[in-house]
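There are 2 protein chains.
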Amino acid sequence: MILDSVDKKLIALLQDDCKQTTKALSLKLNLSVTAVYERIKKLEKSGVIDKYVALIKKEAVNKSFVVFCHIKLVQHTHDYVVQFEKEVTKLEEVMSCYHISGDYDYLIQVVVKDMEAFREFLVNKLTSINHIGSTHSMFVINEVKYTTAVTV
Amino acid sequence: MILDSVDKKLIALLQDDCKQTTKALSLKLNLSVTAVYERIKKLEKSGVIDKYVALIKKEAVNKSFVVFCHIKLVQHTHDYVVQFEKEVTKLEEVMSCYHISGDYDYLIQVVVKDMEAFREFLVNKLTSINHIGSTHSMFVINEVKYTTAVTV
DNA sequence: GGTGAAAACTCGCACTT
DNA sequence: AAGTGCGAGTTTTCACC
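As you go down the protein sequences, you meet chains Y and V in turn.
All residue numbers for the first sequence refer to numbering that gives the first Met the number 0, where the first residue is 0 and numbers rise by one.
All residue numbers for the second sequence refer to numbering that gives the first Met the number 0, where the first residue is 0 and numbers rise by one.
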């Protein structure tokens, strides 16, 4: 889908606050309510807008402990990779998992209550997945920046 | 704020789709529309719900190239840390930045168009920040999992 | 892309448990 | 303290210009 400058501005606005009314958006974009409405529908249908979500404060739900783990598999056979990715995706503590270049194969982000919960997760969930060679954990001391908004 | 099981279910629903109507939520939670409405307002006012955003597909806006960079500062004096954090936060390509334990000081996630855009970012933006000692880039081969929803 | 109108939703109010 | 039902005012949605 080709995006013009109005679409880009609209995407920026919705990435910041998706609950603002079409009317509020129409004023910011100098368009009619319907024009904005139809642009949004088009962005949704074409898949540019993936979903609308509420972001919650981790601290408010007792999940303040964030850890990044590097993971190396023992081997990179197709079956091992597929199985690891399937198992790790199932884990609710894992917010994200990326297959990356470099010394390790994967980088995952884990969100839990505290160090004890992380130990539980590491011992009982993560390392019980087959074919994991080694892991290396990096504890988050401070979240300096976090955004879901991509610049368009 | 203390969350009961209905609040938790509500948070889970809103983390998945914040645009569903209060009526749809009330049916899923077996409550009246007003009861749901008031629970949501309470979650918003108490700060449990931080914001409502649209998540967009990076590929659709030509930002498919994701890189994680480890960063080490030359020194950890208060001023250096403050300045680095301030500067890195300003960079639009930086989606997240975490102060972490381990061999490196920071882990940042960068989202750009392609390798060339990343080179530009690295040379002209990131490494032009003062006091950076060394960086180590890990290119994302595949995003295995990504979610903004914390399990409550 | 704009207009207008019906359908659906939001949200304050009065009342109940 | 928390839930229900009502209803005026908005907002969404869509056929038509």
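Glycine residues also receive a C-beta, built at the ideal position from the N, C-alpha and C atoms.
Computed from a predicted model, the values in this text were never measured in an experiment.
Quick check on the burial criterion: 16 or more other C-beta atoms within 10 angstroms. Buried or exposed for residue i?
i	result
Y:GLU152	There is simply no residue 152 of chain Y to check, as chain Y begins at 0 and stops at 151 in what is shown.
Y:ASP6	buried
V:GLN74	exposed
Y:VAL122	exposed
V:ILE39	buried
V:LEU24	buried
Y:ILE1	exposed
Y:GLU91	exposed
V:LEU26	exposed
So for residue i, helix, strand or coil by DSSP?
i	result
V:LYS18	coil
V:ASN141	strand
Y:ASP49	strand
Y:LYS71	strand
Y:HIS135	strand
V:LEU54	strand
Y:HIS98	strand
Y:VAL93	strand
V:LEU121	helix
V:ILE107	strand
Y:VAL80	helix
Y:VAL149	coil
Strictly under 8 Å for the Cβ-Cβ distance: is residue i near chain Y by that measure?
i	result
V:CYS68	no
V:THR150	yes
V:LEU28	no
V:GLU84	yes
V:LYS56	yes
V:MET114	no
V:HIS98	yes
V:PHE120	no
V:ALA23	no
V:THR146	yes
V:GLY46	yes
V:GLU37	no
V:THR88	yes
V:ALA34	no
V:ASN123	no
V:VAL139	yes
V:VAL5	no
V:ILE10	yes
V:VAL72	First, the amino acid is wrong: residue 72 of chain V is Leu here, not Val. Taking Cβ atoms only, chain Y never reaches closer than 8 Å to V:LEU72, which makes this a no.
V:VAL143	yes
Checking contacts by CB at 8 Å: is residue i closer than that to chain V?
i	result
Y:GLU75	Note on identity: in this sequence residue 75 of chain Y is His, with Glu being the wrong assignment. No, its Cβ sits nowhere closer than 8 Å to a Cβ of chain V.
Y:GLY101	yes
Y:PHE64	no
Y:LYS93	In the sequence as displayed, the identity of residue 93 of chain Y is Val instead of Lys. Judged by the 8 Å Cβ criterion, Y:VAL93 is in contact with chain V.
Y:PHE117	no
Y:ASP49	yes
Y:VAL110	yes
Y:ASP16	yes
Y:ILE131	no
Terminal residues of the continuous alpha helix (DSSP H) containing residue i?
i	result
Y:ILE39	32-44
With respect to 7 Å, is the separation between the Cβ of residue i and the closest non-hydrogen atom of the ligand FMN below this value?
i	result
V:SER100	Judged by which ligands are present, the structure shown has none, so any question about the ligand FMN falls away.
Are the region 66-80 of chain V and the region 101-111 of chain V touching, with three or more C-beta to C-beta distances below 8 Å? Under the three-pair Cβ rule at 8 Å, the region 66-80 of chain V counts as touching the region 101-111 of chain V.
Count the C-beta pairs between the region 108-123 of chain V and the region 71-84 of chain V that are closer than 8 Å, then say yes if the count reaches three, no if not. No: fewer than three Cβ pairs fall under 8 Å.
Stretch pair the region 52-68 of chain V + the region 44-57 of chain Y: three plus CB contacts closer than 8 Å: In short, these stretches touch, since the Cβ pair count reaches three.
Please determine if the region 133-146 of chain V and the region 84-91 of chain Y are in contact, where contact requires at least 3 C-beta pairs separated by less than 8 Å. With a cut-off of 8 Å, the region 84-91 of chain Y and the region 133-146 of chain V count as touching, because enough Cβ pairs lie within range.
Are three or more beta carbon pairs between the region 84-103 of chain V and the region 127-138 of chain Y nearer than 8 Å? Short answer: they touch.
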